[in-house]
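Chemist:
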Ligand code: XBP
Ligand code: MG
């Protein structure tokens, strides 16, 4: 008798590689629009990802890297973030970002087998819905029973709050769900909410610590594009499907 009832997906780095060439670029374009000399290189952005949430990340950047910049207030950060979000959404609409290997297949299989779907992310709700509509399917938002995102909770990952929120709205115990994450902050958040977690590492996170993960893979895999196991035991499987996930819980 299986107890797997739902999959809870992280978004950035897990559903798609959105950080380096989309979020980062939208931040930089916004800084340029406001004539700020804030420039986030590919390398610097990797360091800034230690802090989740765009508003929190900008504040962290100023505190840690720009003691020369006079203090800015939260309202200005929020205004910048609104502009960044608009730019990011425009990008996702005009040049959809491909889903990572295995994501579409696993989501579609879960739906057809009655496994419920949810999202737990620190990014803003608009960013999630635009990504789902333009990279997955026009009606994909409806495929997810719960989309827990951004400021719906006050404490972002690695705090457990966004997973607690998703579980509460799913009405399921943590042990009947599996989280799929790509980052240290993500797995800390899921595990703090007691959700068993599978990790698919992403461009920025492959060297992070994933102690406690059910399994660490390079991606979810496809029949013709098998995954590589980075930690844990995947048995005979070469791509992640519902049967394999049932075996993991
Ligand atoms: C990733 C994040 C987000 C995005 C930016 O979220 O940390 O902050 O980089 O999004 P996750 P916002 O991996 O949990 O999906 O600017 O909308 O905060
Ligand atoms: Mg992520």
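In my numbering, the protein residues as written are -12 to 236.
From the three backbone atoms N, C-alpha and C, an ideal C-beta is built for every residue, glycine too.
So, are the CB atoms of residue 67 and residue 17 less than 9 Å apart?
Modeler: Position 80 of the chain shown, counted from the first residue, corresponds to residue 67. Position 30 of the chain shown, counted from the first residue, corresponds to residue 17. Yes, Cβ-Cβ distance for residue 67 and residue 17 is below 9 Å.
Chemist: Could you give the residue range of the alpha helix (DSSP H) that holds residue 185?
Modeler: As a first step, residue 185 is located in the chain shown; it is residue number 198 there, counting from the start. Counting along the chain, residue 185 falls outside any alpha helix (DSSP H), though it belongs to the beta strand (DSSP E) covering 184 to 187.
Chemist: Is the Cβ-Cβ distance between residue 0 and residue 189 less than 9 Å?
Modeler: Here residue 0 refers to the residue found at position 13 when the chain shown is read from its first residue. Here residue 189 refers to the residue found at position 202 when the chain shown is read from its first residue. Closer than 9 Å, so yes.
Chemist: The beta strand (DSSP E) spanning residue 103 covers which residue range?
Modeler: Reading the chain shown from its first residue, position 116 is the one you call residue 103. 103 to 108 is the span of the beta strand (DSSP E), which, as asked, contains residue 103.
Chemist: Per DSSP, what are the beta-bridge partners of residue 86 in this structure?
Modeler: Mapped onto the chain shown, residue 86 falls at position 99. Looking at the DSSP assignment, residue 86 forms a beta bridge with 3.
Chemist: Considering only their Cβ atoms, is the gap separating residue 149 from residue 161 smaller than 9 Å?
Modeler: In the chain shown, residue 161 corresponds to position 174, counting from 1. In the chain shown, residue 149 corresponds to position 162, counting from 1. No; because the gap between Cβ atoms is not below 9 Å, this pair is not in contact.
Chemist: Sort 194, -7, 113 by Cα distance to residue 138 and report the nearest one.
Modeler: Position 151 of the chain shown holds residue 138. Per the Cα distances, 113.
Chemist: Using 8 Å as the cut-off, classify the Cβ of residue 114 as near or not near the heavy atoms of the ligand XBP, replying yes or no.
Modeler: Start at 1 with the first residue of the chain shown, and residue 114 comes out as number 127. For the ligand XBP, at least one heavy atom lies less than 8 Å from the Cβ of residue 114.
Chemist: Please classify residue 26: is it buried, with 16 or more other beta-carbons within 10 angstroms of its beta-carbon, or exposed?
Modeler: Along the chain shown, read from residue 1 onward, the residue named residue 26 stands at position 39. Result: exposed.
Chemist: In terms of alpha-carbon separation, which member of 173, 192, 96, 191 lies closest to residue 237?
Modeler: The structure shown has nothing for residue 237, since the chain only spans -12 to 236.
Chemist: Which ranges does the beta strand (DSSP E) cover as unbroken runs of at least 3 residues, wholly within the segment 90 to 148, from first to last along the chain?
Modeler: Entirely contained in the segment 90 to 148, the beta strand (DSSP E) runs reaching 3 residues are, in chain order, 103 to 108, 133 to 136.
Chemist: For the ligand MG, enumerate in chain order all residues having a CB closer than 6 Å to any of its heavy atoms.
Modeler: Matched residues: -3, -1, 0, 1, 169, 170, 173.
Chemist: Whole angstroms is fine: what's the gap from residue 123's alpha carbon to residue 98's?
Modeler: For this step, residue 123 is matched to residue 136 along the chain shown. For this step, residue 98 is matched to residue 111 along the chain shown. C-alpha separation (whole angstroms): 13 Å.
Chemist: Relative to the C-alpha of residue 145, which candidate in 36, 103, 29 has its C-alpha closest?
Modeler: In the chain shown, the residue the question calls residue 145 occupies position 158. Residue 36 is the option with its Cα nearest to residue 145.
Chemist: Spatial neighbours of residue 225 within its chain, please: CB distance less than 7 Å, with the 5 preceding and 5 following residues excluded, ordered by chain position.
Modeler: For this step, residue 225 is matched to residue 238 along the chain shown. Taken in chain order, the residues that qualify are 208, 213, 214.
Chemist: Considering just the uninterrupted stretch of the alpha helix (DSSP H) at residue 238, what are its terminal residues?
Modeler: What is shown of the chain runs -12 to 236, which leaves residue 238 out entirely.
Chemist: Quick one: grab the DSSP three-state call for residue 29.
Modeler: Against the chain shown, residue 29 aligns to sequence position 42. Here residue 29 sits in helix by DSSP.
Chemist: The beta strand (DSSP E) that contains residue 211, what's its start and end?
Modeler: If you number the chain shown from 1, residue 211 lands on position 224. Residue 211 -> no beta strand (DSSP E), and no H or E assigned at all.
Chemist: Between residue 168 and residue 186, which are expected to be in contact by the criterion C-beta below 8 Å, what is the C-beta distance as a whole number of angstroms?
Modeler: Counted from its first residue, the chain shown places residue 168 at position 181. Counted from its first residue, the chain shown places residue 186 at position 199. Rounded, the Cβ-Cβ distance is 6 Å, consistent with contact.
Chemist: Look at the Cβ atom of residue 9, then the Cβ atom of residue 79, and state whether they are nearer than 9 Å.
Modeler: Counting from 1 along the chain shown, the entry for residue 9 is found at position 22. Counting from 1 along the chain shown, the entry for residue 79 is found at position 92. Yes, Cβ-Cβ distance for residue 9 and residue 79 is below 9 Å.
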